[in-house]
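In the numbering used here, the protein residues as written are 140 to 178.
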């Protein structure tokens, strides 16, 4: 599920027009949210 999200994020580069830094921040925030939910 998480892998699918990250793959989709990278695959949608042309759509999102995100910089590498923005993508890293998004992934980190998403990861923290997921980990928080699982606890």
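Don't be surprised by glycine CBs; every beta carbon is placed ideally from N, CA and C.
Computed from a predicted structure; not experimentally measured.
Where the alpha helix (DSSP H) containing residue i begins and where it ends
{"i": "residue 164", "result": "159-177"}
Assumed close pair residue i, residue j - CB separation to whole angstroms, cut-off 8 Å
{"i": "residue 171", "j": "residue 145", "result": "Not confirmed; about 14 Å, so no contact."}
Straight-line Cα distance separating residue j from residue i
{"i": "residue 162", "j": "residue 174", "result": "18 Å"}
{"i": "residue 164", "j": "residue 142", "result": "16 Å"}
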